[in-house]
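The sequence shown begins at 19 in the numbering used here and counts up one residue at a time. Data block below; observations after.
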Amino acid sequence: MESRSQTSFRPPFKGSILRLTAVSGQPMDPKELTHSGGVIGRGSTCEVRLVDPTVSRRHATIVCRDDHWIIQDLGGTNGTLLNEVKIEDDLGMPLAEGDRISVGPWTLVVGDVEQTSIAMQTLDDSGSAERVRRLSPAETASLARHRLNLFIECAGRINQAIDEQSLWESIMLSSLEGSGFGRVALLRADAEAKSVEIMAYRGLGGDGRPDDISRSLIRAASEGDIAQLLSDDQPAYGQSIADLNIHSALCCPITVDNVIAAYLYLDARGSEASVQHDATSFCQALVKIAGLAIANLRRRELMERHQRVQQDLEAAREAQRFMLADNHGEMCGLPYAVQFQPGRDVSGDLFDIIELDGGRVAFVVGDVTGKGVGSAILMAAAQSHIHSMLVRDGDPASAVTAVNQYVLTHSPVNRFITLWVGVLDSNSGLFTFVDAGHGHWAHCTADGEASSNQIAAHPPIGIDGDTTFDCQTVQCAPGDRIVLMTDGVVEQEDPSGEQYGMDRSLAVLRTSRNPVEDVESLHRSVSEFAQTDQLGDDTTIASLMYVGD
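Structure representation (structure tokens):
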């Protein structure tokens, strides 16, 4: 006989908008996250708000990096599941089309459910509940001895599956061979069993996709037990059952880490009477093996995703280490210090200090929007370009103008860089600079004053090719310092969500007297404020002192 099969395919998720659709838990409208991402939790400011005692205030976060979406658990008590597997690593996991995110009682599907599944209505056979019963473990405890070899063969086939598509096929083929049912489907169902997603199906009779699924059967199986539709001579309960003449059916939950990942649904119709007497026992044992195999496959897939991310990040970190300046030193007799700390991923911050002719020193700090490898690559390219322009011309305005055109030409439309470029003359103390959308800097005087003008004169680079960048100046006295920082300092939040801010930064800088003290004391203060050494964003602090005669 001809057999037909069909399986679903979930491609990696890419794009500027991520859609989350709830398929279990309290009803909610689909949520769409933009490139800025969002937080899942019960807090009032969360982009995806799930109000339930089992959900933490800030439970998980989803961010977009290089057009790839990453989910990260934020340490909630009950954890976050991705495809029924708990997310363990702080690094976060890439999301794929059709992934299922479980937070408390909710399951959220990545992408449009209508596009990633075959949706169908279940048969409303609630009036025939007496035909459906759950089987106790005692009734399904053993396999017949003469069936053992077949079961071992089926178990081996399932465990050899290399991906979920081949696993679904192995489970279906094994269940048909061992049970005698005429057709099989692997399903996901919502909490009320009103509709299901058909992940795969197979029919020995060549009639393909099952047209109706018993809601009562799935509802009974959703409690964790195998459910069976019994054959009897009672009147038909539902037109579809009568039309299709289904006389026997079985629904077995497949669990992964005590969570139902799928249902194995089998039925027999009309004159089909080949259902084995121990079909229930056989399928019960089969779904236990299947649950273990699914868990192993999904853990392996998450591990491979994690390893790919780590490899990309390590390559980018190695490139950044190669480009970093010394933490402190002197250039043209001017002391400087810098402290650089990436956030959870490779940094998008850039820093450079360059010796120019005539006893001048260029000082550069910038921040690329976004995170991940793409931001780091753009950072490295921009830093290299502005370095060469400053060495050639020594003029901040012309250097920023050139790198603006470069970024517009070579980066995606959603990427830009805030940039602060200054040149300090070691002879006169004149600091000439361009602030392109950065704003986070301070002028610290030798007598302990610290001030900041956080209003940048120009927009970030990479936005408008017609922008004219002009220089501003600061006259430094001996002992004055220019301290630059990225937004990872001023925007760092404490556990309550309050930002560190520039006022706290200036208060710390008023107590220090040299570049090393500037960067060390400010970094220490930010970490104490955040109550963690793992800051939320890339953090760069740099200080340059004018010595004078």
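Positions of the beta carbon are idealized from the N, C-alpha and C atoms, including for glycine. In this text the structure is predicted, and so the values were computed from the model without any measurement.
Handout entry: Own chain residues within Cβ distance below 7 Å of residue 2, not counting five before or after
Key = Here the chain has residues from 19 to 567 only, and residue 2 is not among them.
Problem - Helix, strand or coil at residue 269 according to DSSP, with G and I counted as helix - result: It is a strand residue.
Problem - Pairwise C-alpha distance: residue 533 and residue 514 - result: Cα to Cα, residue 514 sits roughly 31 Å from residue 533.
Practice task
Assign residue 566 to one of three DSSP states: helix, strand, or coil.
Solution key: Judged by DSSP in its simplified three-state form, residue 566 adopts coil rather than helix or strand.
Exercise for the section: Taking 8 Å as the threshold, find out whether the segment 472–488 comes into contact with the segment 434–445 through three or more Cβ pairs. Expected result: Result yes; three or more Cβ-Cβ pairs closer than 8 Å.
Practice task
Give the straight-line distance between the Cα atoms of residue 444 and residue 399, rounded to the nearest whole angstrom.
Solution key: So the alpha carbons of these two residues sit roughly 28 Å apart.
Practice task
May I ask you to check if the CB of residue 453 is nearer than 7 Å to at least one heavy atom of the ligand SAH?
Solution key: By its list of ligands, the structure shown contains no ligand whatsoever, and the ligand SAH lies outside what it can speak to.
Problem - Buried/exposed call for residue 550, threshold 16 Cβ in 10 Å - result: With fewer than 16 Cβ atoms within 10 Å of its Cβ, residue 550 is classed as exposed.
Practice task
Go ahead and label residue 93 buried or exposed: buried means 16 or more other beta carbons lie within 10 angstroms of its beta carbon, across all protein chains shown.
Solution key: Around the beta-carbon of residue 93, fewer than 16 other beta-carbon atoms lie within 10 Å, marking it exposed.
Problem - Inter-residue Cα distance where the pair is residue 565 and residue 369 - result: Straight-line Cα distance between these residues: approximately 22 Å.
Problem - Contacts around residue 131, its chain only, beta-carbon distance under 8 Å, and the 5 residues preceding and following it disregarded - result: Caution applies to residue 131, whose pLDDT of 44 falls short of 50 and renders its modelled position unreliable; the model cannot decide the point.
Practice task
State whether the segment 510–527 contacts the segment 318–327, with contact taken as three or more CB pairs (one from each stretch) at a distance under 8 Å.
Solution key: Contact between the segment 510–527 and the segment 318–327 is absent: fewer than three C-beta pairs spanning the two stretches fall below 8 Å.
Handout entry: Local Cβ density within 10 Å of residue 69, reported as buried at 16 or more and exposed below that
Key = Exposed: under 16 other Cβ atoms inside 10 Å.
Exercise for the section: Would you mind stating whether residue 266 and residue 235 have Cβ atoms separated by less than 8 Å? Expected result: No; because the gap between Cβ atoms is not below 8 Å, this pair is not in contact.
Practice task
Measure the alpha-carbon distance for residue 66 versus residue 552 and round it to whole angstroms.
Solution key: Taking the straight line from one Cα to the other gives about 24 Å.
Handout entry: Beta-carbon contacts of residue 36 that lie in its chain and below 6 Å, excluding the five residues immediately before and after
Key = When the five nearest sequence neighbours on each side are left out, the beta carbons in the same chain lying within less than 6 Å of the beta carbon of residue 36 are those of 51 and 87, in order along the chain.
Exercise for the section: May I ask which residues mark the beginning and end of the alpha helix (DSSP H) holding residue 347? Expected result: Run containing residue 347: none in the alpha helix (DSSP H); it sits in the beta strand (DSSP E), 346–349.
Exercise for the section: Indicate whether the contact test is met: 3 or more Cβ pairs, each with one atom in the segment 456–464 and one in the segment 418–429, closer than 8 Å. Expected result: Counting C-beta pairs closer than 8 Å gives fewer than three between the segment 456–464 and the segment 418–429, which falls short of the contact rule.
Exercise for the section: Sort 61, 105, 63 and 124 by Cα distance to residue 317 and report the nearest one. Expected result: In this structure, 105 is the residue among 61, 105, 63 and 124 with its C-alpha nearest to the C-alpha of residue 317.
Problem - As assigned by DSSP and simplified to three states, the class of residue 221 - result: Shown here, residue 221 sits in a strand according to DSSP, grouped into three states.
Exercise for the section: Counting only runs of 3+ residues fully inside the segment 489–519, write out the beta strand (DSSP E) ranges in chain order. Expected result: You should have 490–493 and 499–503.
Practice task
Report the three-state DSSP secondary structure of residue 124 (helix, strand or coil).
Solution key: In the structure shown, residue 124 adopts extended strand secondary structure according to DSSP, grouped into three states.
Exercise for the section: With DSSP as the reference, label residue 549 as helix, strand or coil. Expected result: Collapsing the DSSP output to three states places residue 549 in coil.
Handout entry: Nearest candidate by alpha-carbon position, reference residue 306, set 295, 271 and 329
Key = Of the candidates 295, 271 and 329, the one whose C-alpha sits nearest the C-alpha of residue 306 is 271.
Handout entry: Between the CA atoms of residue 60 and residue 320 - distance to the nearest angstrom
Key = Taking the straight line joining both Cα atoms gives about 26 Å.
Problem - Span separating the alpha-carbon of residue 538 from that of residue 58 - result: Annotation: residue 538 to residue 58 spans about 34 Å, alpha carbon to alpha carbon.
Problem - Cutoff 6 Å; reference residue 71; Cβ partners in own chain excluding five residues on either side - result: Answer for residue 71: no residue qualifies.
Exercise for the section: From the DSSP output, in three-state form, read off residue 462 for me. Expected result: DSSP places residue 462 in the strand class (E or B) of the three-state scheme.
Handout entry: Beta carbon of residue 283 nearer than 8 Å to that of residue 394
Key = Not a contact, by the Cβ cut-off of 8 Å.
Practice task
Kindly list the residues whose CB is nearer than 7 Å to the CB of residue 405, restricted to its own chain and excluding five residues on each side of it in sequence; keep chain order.
Solution key: Here the set comprises 370 and 372.
Exercise for the section: To the nearest angstrom, report how far apart residue 231 and residue 237 are at their CA atoms. Expected result: If you take the alpha carbons of residue 231 and residue 237, they lie about 11 Å apart.
Practice task
Please check the pair residue 118 and residue 101, which I expect to be a contact at CB under 8 Å, by giving their CB distance rounded to whole angstroms.
Solution key: Confirmed, Cβ separation roughly 6 Å.
Problem - 8 Å Cβ cutoff met for residue 518 and residue 501 - result: No; because the gap between Cβ atoms is not below 8 Å, this pair is not in contact.
Problem - residue 46 in three-state terms, based on DSSP - result: Residue state, collapsed to three classes: coil.
Handout entry: Beta-bridge partners of residue 438, as assigned by DSSP
Key = Its beta-bridge partners are 383 and 453.
Problem - Rounded distance between the beta-carbons of residue 122 and residue 81, thought under 8 Å - result: For residue 81 against residue 122, the beta-carbon gap comes to about 21 Å, at or over 8 Å, which does not count as contact.
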